[in-house]
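Q:
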Amino acid sequence: MTHQPIPLLAAQLRSATRALHAEVERTGVMPDLLRGELPVDGYVALLRNLHAIYATLEPALMLRAGDPRVGLVCKTDLFRLPALESDLTALSVKNNWLKLPVQEATLAYVARLLNASTEDPVRLVAHAYVRYLGDLNGGQVLTRAVSRLTEHLRISCVAFYDFGGKTEAANHARDLREALDALPLTEAETTSVVDETLWAFKQHGLIFKALSASSTGPSQDFSV
Ligand code: HEM
Numbered sequence: 024m025t026h027q028p029i030p031l032l033a034a035q036l037r038s039a040t041r042a043l044h045a046e047v048e049r050t051g052v053m054p055d056l057l058r059g060e061l062p063v064d065g066y067v068a069l070l071r072n073l074h075a076i077y078a079t080l081e082p083a084l085m086l087r088a089g090d091p092r093v094g095l096v097c098k099t100d101l102f103r104l105p106a107l108e109s110d111l112t113a114l115s116v117k118n119n120w121l122k123l124p125v126q127e128a129t130l131a132y133v134a135r136l137l138n139a140s141t142e143d144p145v146r147l148v149a150h151a152y153v154r155y156l157g158d159l160n161g162g163q164v165l166t167r168a169v170s171r172l173t174e175h176l177r178i179s180c181v182a183f184y185d186f187g188g189k190t191e192a193a194n195h196a197r198d199l200r201e202a203l204d205a206l207p208l209t210e211a212e213t214t215s216v217v218d219e220t221l222w223a224f225k226q227h228g229l230i231f232k233a234l235s236a237s238s239t240g241p242s243q244d245f246s247v
């Protein structure tokens, strides 16, 4: 009897999330963002919610960098928090973005990250995959979209998607995939990372829907 080789982690994650990716791209605020039609305050609200995620994820990855099951995907040169803060500061007056609401769905994401960090750090691998490979891959398209929706402001606010150029982004994505594949995970841990990745995609969908619902309220002027 011949045994099929078990696909490496990066390939498993890609095939497990293909359908959900297609769905989440079309959910809530995402289509408007992609078309360059999201109002600036809607984009600031999105970044503010992503900030809450990265402000939890990145310290959690740092905390667990010494864990061999996690350490390889703790890549500080990919960290997005400084870029997010730079864009948010550029796009809002007197750091008003800090007063914007963090959606319940985002708070649930933050709670999940905190729980993973303390109880089951291997699940952080899923979140590093979802966020950083998403940013590295979708970044080129989204940079153009965000440039369109903010061009009238004449300020620079696309640091979030800037990894130093197309080649650099592709190299980072390759390195991250290799890091995922090199993690010494048991079969059970691999399954747990795949499950956590599916949860993370679905929860992004809920966040995007909540942001879309909240943006139908009265417009708040956070732009410069
Ligand atoms: C409208 C927004 C988006 C666009 C335009 C976009 C675009 C892309 C593209 C072009 C790829 C490369 C696909 C490939 O190599 O076959 C990709 C991959 C990826 N995206 Fe997105 N994406 C978007 C939203 C998202 C969101 C919201 C997430 C996370 C929740 C996400 C997570 C990922 C991940 C993890 C990958 C890597 C897949 C892999 O190769 O394993 N993307 N995206």
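Okay, so the sequence shown: first residue is 24 according to the numbering used here, each after it adds one. Ideal Cβ placement from N, Cα and C applies to all residues, glycine included.
Does Asn-138 pass the burial test, meaning 16 or more other C-beta atoms within 10 Å, or should it be called exposed?
A: Burial call: exposed.
Q: Nearest to Lys-232 by alpha carbon, out of Gly-187, Leu-172, Gly-65 and Arg-37?
A: Residue Gly-65 is the option with its Cα nearest to Lys-232.
Q: Tell me the rounded alpha-carbon separation between Ser-215 and Arg-146.
A: Going by the C-alpha atoms only, they are around 7 angstroms apart.
Q: Please state the DSSP three-state secondary structure of Pro-62.
A: In the structure shown, Pro-62 sits in coil (DSSP, three-state: anything other than H, G, I, E or B).
Q: Run through DSSP, which three-state label would Ala-196 get?
A: Ala-196: helix per DSSP, three-state reduction.
Q: Could you tell me if the beta carbon of Tyr-152 falls within a distance shorter than 7 angstroms of some heavy atom in ligand 3?
A: Annotation note on ligand 3: not contained in the displayed structure, which lists ligand 1 as its ligands.
Q: On the CB-based measure, 16 or more other CB atoms within 10 Å of its CB, does Ile-178 come out buried or exposed?
A: Label assigned to Ile-178: exposed.
Q: Could you check if Glu-210 belongs to the surroundings of ligand 1, using beta carbon to heavy atom distance under 7 angstroms?
A: Glu-210 Cβ: outside cutoff for every heavy atom of ligand 1.
Q: Hey, could you find the ends of the alpha helix (DSSP H) Glu-210 is sitting in?
A: 210 to 237 is the extent of the alpha helix (DSSP H) around Glu-210.
Q: Closest to Asn-194 by C-alpha separation, out of Lys-98, Leu-165, Leu-229 and Ala-68, would be which residue?
A: Closest by alpha carbon: Lys-98.
Q: Short of 7 angstroms in beta carbon distance, which residues of its chain neighbour Asn-118, apart from the five on each side in sequence? Order them along the chain.
A: Excluding residues within five positions, the ones whose Cβ falls inside 7 angstroms are Thr-112.
Q: Is the region 31 to 47 close to the region 199 to 218, with three or more CB pairs under 8 angstroms?
A: Yes, since at least three Cβ pairs between the region 31 to 47 and the region 199 to 218 fall closer than 8 angstroms, the two stretches touch.
Q: Ends of the alpha helix (DSSP H) at Asn-119?
A: Here Asn-119 belongs to no alpha helix (DSSP H), and DSSP marks it neither H nor E.
Q: Buried or exposed, going by whether 16 or more other CB atoms sit within 10 Å of the CB of Glu-81?
A: Buried, because 16 or more other Cβ atoms sit within 10 Å of the Cβ of Glu-81.
Q: Locate the alpha helix (DSSP H) running through Thr-141, then write down its first and last residues.
A: First-last of the alpha helix (DSSP H) with Thr-141: 127 to 142.
Q: Is it the case that the CB of Asn-194 approaches a heavy atom of ligand 1 more closely than 7 angstroms?
A: No, since every heavy atom of ligand 1 falls outside the 7 angstroms radius drawn around the Cβ of Asn-194.
Q: Ala-205 and Ser-109: beta carbons closer than 8 angstroms?
A: It is not a contact, given that the beta carbons lie outside the stated cut-off.
Q: Please name the residue in Leu-156, Gln-226, His-74 and Phe-186 whose C-alpha comes closest to that of Ser-124.
A: According to the sequence provided, residue 124 is Pro. The question's Ser does not apply to it. Residue His-74 is the option with its Cα nearest to Pro-124.
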